[in-house]
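Below: one structure, written as structure tokens.
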Amino acid sequence: MPYVRAYHDTSQAVEASSLWSALSFNSEAFSSGGLHSTATNNSRITFASSGYYIVSAGTEWSLSADSYRHLGIRKNGSSVIVASGRWTNPTGSTANPSLTVTTMDLFDSGDYVEAVVRHEAATSQFVLYSSKYSPFFAAVQAPTTKAIRLTHSAAQTISTGNSYTGLNFDTEIFDTIGAHSTAAATSEINLGLSTGIWLMGASCEWQRAAITTGTYMHLALREEGFAIADDGLFAGEVHVGQQGAGQNTLFMTAQSGEAMASTFMMTVRARQNATPGSTLDILATLSYSPIFWAVKMEPL
Amino acid sequence: MPAVRVTSTGLQYTETGVWTAINFNDGPDETRSWRDDVFDTDGMHDYVTENNKIYFNTPGWYVLTHGNAWGASQAGAGNVGYRQNAFRLNGTDFIAINSDNPSCGGDLVHWVMPLTAQYHFNAGDYIEVMVRHDVGSSYFIHKANQNTPHAAAAIAQRTVSTGIKFVSYTKASGTSGVSTGSFTHYASSGDLVIVGIGLFSTRSSAQEVTGVTFNSTAMSTAAKGGNFITASSRRTFAGLWYHKTATTGAVTVAYTLASSSQSHPPIAAALTYAGTTGVATTAVTSTGNSSLLSAALTMSQAKSWIVGVGIAGNTAVPNSTVAGTSTVERAETTATAVSFWMGDAFSNSSGSRTIQSRRSGGAAVGWAMAALEIDSSQSASSLVAALVGPLALMGVGQ
């Protein structure tokens, strides 16, 4: 089964833009199966054979006191299939903002993915080269075809408060074990239909908060009554000056490995604590928000 | 199937500004037998001893996940500085990092950070989840449910530790003033023998090796080239030849020079490799005038090796310091103001790869180098992909 972990051995300048830019990767730490070329179209991981692939990326950015930093994975030059974001800090942090993302999708022969980034700082920023961790771009073919990827076709409103709300999924991009229904209980995913160890994740994009004080937003994977992985971001007064012209929504991802017992349901949940009475939406972008994905890691 | 998921039982305080490994001390709990949020199918983790480490006993390609929330109960502390988490390999190398700047306005919110990566691990490798903050005082990783802190690893593809192996070497100095030389080397049937020869001369005649034989059979030329430093009238030449032998036992390696008027004796070495189908079509020569011998090759395949030979003239300082990841010196000698070096490096990927040898001290001098790629006998596209382990020395003959 093919795999690759590629990197780029110099820093890459990224112009301020609301548009995504693909990163180059001129070197490989590991490679098998010819998924990547360090010379031709080296921004791409191209899948020679169809199948389910797990794709990951990581970046470390230069530090500035304005704007966000976004990292995503884009399919065939058009569809972002996962994204994550971080604010940079106006209060004097000395650490460069860094991000990692992972997702899983079904790819046809000839499909390709790119690691894409964007920001809207006042000046060009850099994706830094740091030995072995920035930037990296990796993919491996999943060990099984027991795989699920779900999304939802409409925005979902999340009420303010500490309680989590389960996200619904009315669209099955694929579901090879019948773990999900689009007709009833659309928030539940019954991975226990195939007991064993699963790798899973979720991603979403939040509506921009009308910020006057501060709002946290969380996304969590929950198995029955317990969270097993989550992500959180905070939009507050300190970020008002950092919000760009249009791309000021918040991206999140969460992922984990878990041994699924039968009869126990996975759900994806979200919460936010905007001003009492306020609501925020989980946006519907089909390709990356909201997404739940899972693939079974069976014995090889 | 090798996989592990670990968690902790309580808060963990970490000092400000210091990378600290998270301990995962949550052990089996029969009261939670209905769920399996802590598991370990391959002896990868000990929740008592070195519980900050996840070991990889089965080599392969793994997907890693981690998540932690930082404490929120220290007033004001959540509003400053940075929070970081990272996967660290074998106590030294970070392979993924997440860094954030909370700025949460004093709100008592747990700052949550996911982390994920994919990587190939050899048997014996381990990772730690490292965290760091700059709050200014001790600060803690929150404990809640099974999400913070947690770490998980699951194998996506198993690899095996077979492939190319270095077997033995022979090195030999020739005689100046003659146009031929030879030495004896030992190899086994199926081995690939690579011969490197270096020449240095201060005379006007061009220096070149015109042919090399292996028990009277012509060896194939991979790459050869020379360097002429006009100011000093010094010439260096380096070349590589190869042959896949079908017999076992001592063989005679003989070479012929274009001229018998070289001022310094030629130096040669033969290296034997097992587990390879031959030599790839990619090979290069390079020259320079410095203390660092270097040749860059575009490797045509993953899991192959690069072999290099270099000669530096007019120096008594040996080229004994290797440069570059996993480069290993196999044969080195310094004789009558000539420094000869031959070595190899494992390359786990296709693409650009540089093999280098450095002299520690001495003036910059003219040098010549040649490098080639050895084919792996393992198919890169096989279902169970092959990956060679650390370079293995199986024996030495001289």
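Chains as they are written, first to last, in the numbering used here: chain A, 430 to 729; chain B, 199 to 596. Glycine included, every Cβ here is placed at the ideal spot set by N, Cα and C.
Check your understanding: Mind checking if residue 477 of chain B is an interface residue toward chain A, Cβ cutoff 7 Å exclusive?
Key -> no
**Study point:** CB-CB length for residue 510 of chain A against residue 577 of chain A, believed under 8 Å
**Key:** The pair is not a contact, with the Cβ atoms about 14 Å apart (cut-off 8 Å).
Review point. In this structure, what does DSSP give as the bridge partners for residue 407 of chain B?
Key: B:455
Exercise for review: State the start and end residues of the unbroken beta strand (DSSP E) segment that holds residue 626 of chain A.
Suggested key: 625 to 635
Check your understanding: What do you reckon, are the CB atoms on residue 432 of chain A and residue 461 of chain A nearer than 7 Å?
Key -> yes
Practice item. Identify whether residue 724 of chain A lies in helix, strand or coil by the three-state DSSP scheme. Key: strand
**Study point:** Rounded distance between the beta-carbons of residue 353 of chain B and residue 201 of chain B, thought under 8 Å
**Key:** 7 Å
**Study point:** chain B contact for residue 676 of chain A (CB, 7 Å cutoff)
**Key:** Note on residue 676 of chain A: pLDDT 43, under 50, position unreliable in the model; the coordinate value appears next. Not an interface residue.
Point to revise | Any C-beta of chain A under 7 Å from that of residue 471 of chain B | key: no
Review point. For residue 446 of chain B versus residue 366 of chain B, is the C-beta spacing smaller than 7 Å?
Key: no
Practice item. Look at the alpha carbon of residue 461 of chain B and the alpha carbon of residue 371 of chain B, and state the distance between them as a whole number of angstroms. Key: 13 Å
Check your understanding: Comparing the C-beta of residue 412 of chain B with each C-beta of chain A, is any distance below 7 Å?
Key -> no
Check your understanding: What are the residues that DSSP puts in a beta bridge with residue 251 of chain B?
Key -> B:326
Exercise for review: Give the interface partners of residue 622 of chain A over in chain B, defined as CB-CB distance under 8 Å, in chain order.
Suggested key: Those do not exist, as residue 622 of chain A stays about 16 Å from chain B at its closest Cβ, beyond 8 Å.
Check your understanding: Could you give the C-beta distance for residue 286 of chain B and residue 328 of chain B, rounded to a whole number, given that I count them as a contact under 8 Å?
Key -> 5 Å
Exercise for review: Go through its chain and collect everything with a Cβ distance to residue 514 of chain B's Cβ below 8 Å, but skip five positions before and after it.
Suggested key: 532, 535, 537 and 560
Exercise for review: Mind checking which residues open and close the beta strand (DSSP E) that includes residue 538 of chain B?
Suggested key: 536 to 545
Review point. If you draw a straight line from the C-alpha of residue 658 of chain A to the C-alpha of residue 236 of chain B, how long is it?
Key: 13 Å
Point to revise | Identified DSSP bridge partners for residue 439 of chain B | key: B:393 and B:419
Review point. When the Cα atoms are used, what is the spatial distance from residue 616 of chain A to residue 628 of chain A?
Key: 18 Å
Review point. Using a beta-carbon distance below 7 Å, is residue 483 of chain A in contact with chain B?
Key: yes
Check your understanding: Beta-carbon separation of residue 573 of chain B and residue 476 of chain B under 7 Å?
Key -> yes
Practice item. Could you please tell me which residues of the region 565 to 595 of chain A, in chain order, have their CB closer than 9 Å to any CB of chain B? Key: 565, 567, 568, 569, 570, 571 and 572
Check your understanding: List, in order along the chain, the chain B residues whose C-beta lies closer than 8 Å to that of residue 601 of chain A?
Key -> Those within 8 Å of residue 601 of chain A in chain B number zero; the least Cβ separation is about 23 Å.
Point to revise | DSSP beta-bridge partners of residue 309 of chain B | key: B:268
Exercise for review: In the DSSP assignment, find the unbroken beta strand (DSSP E) run with residue 573 of chain B in it and report its ends.
Suggested key: 563 to 574
Review point. Would you report the Cα separation of residue 498 of chain B and residue 474 of chain B, rounded to the nearest angstrom?
Key: 14 Å
Review point. Looking only at its own chain, which residues have a Cβ that is under 8 Å from the Cβ of residue 467 of chain A, when we skip the five neighbours before and after it?
Key: 435, 454, 455, 456 and 457
Review point. What's the call for residue 705 of chain A, buried or exposed, on a 16-neighbour Cβ count within 10 Å?
Key: exposed
Check your understanding: In terms of DSSP beta bridges, what is residue 433 of chain A paired with?
Key -> A:460 and A:568
Exercise for review: Compute the Euclidean distance between the alpha carbons of residue 469 of chain A and residue 524 of chain A, then round it to the nearest angstrom.
Suggested key: 34 Å
Exercise for review: Might you give, ordered along the chain, the residues of its own chain that have their beta carbon closer than 6 Å to the beta carbon of residue 437 of chain B, omitting 5 neighbours on each side?
Suggested key: 395, 407, 422 and 568
Review point. Would you call the region 202 to 212 of chain B and the region 708 to 721 of chain A touching, i.e. three or more CB-CB distances under 8 Å?
Key: no
Check your understanding: Interface residues of chain A around residue 291 of chain B at Cβ under 9 Å?
Key -> 560, 561 and 562
Point to revise | Bridge partners - residue 573 of chain A, DSSP secondary structure assignment | key: DSSP lists no partner for residue 573 of chain A.
Point to revise | Rounded C-alpha distance that separates residue 486 of chain B from residue 496 of chain A | key: 47 Å
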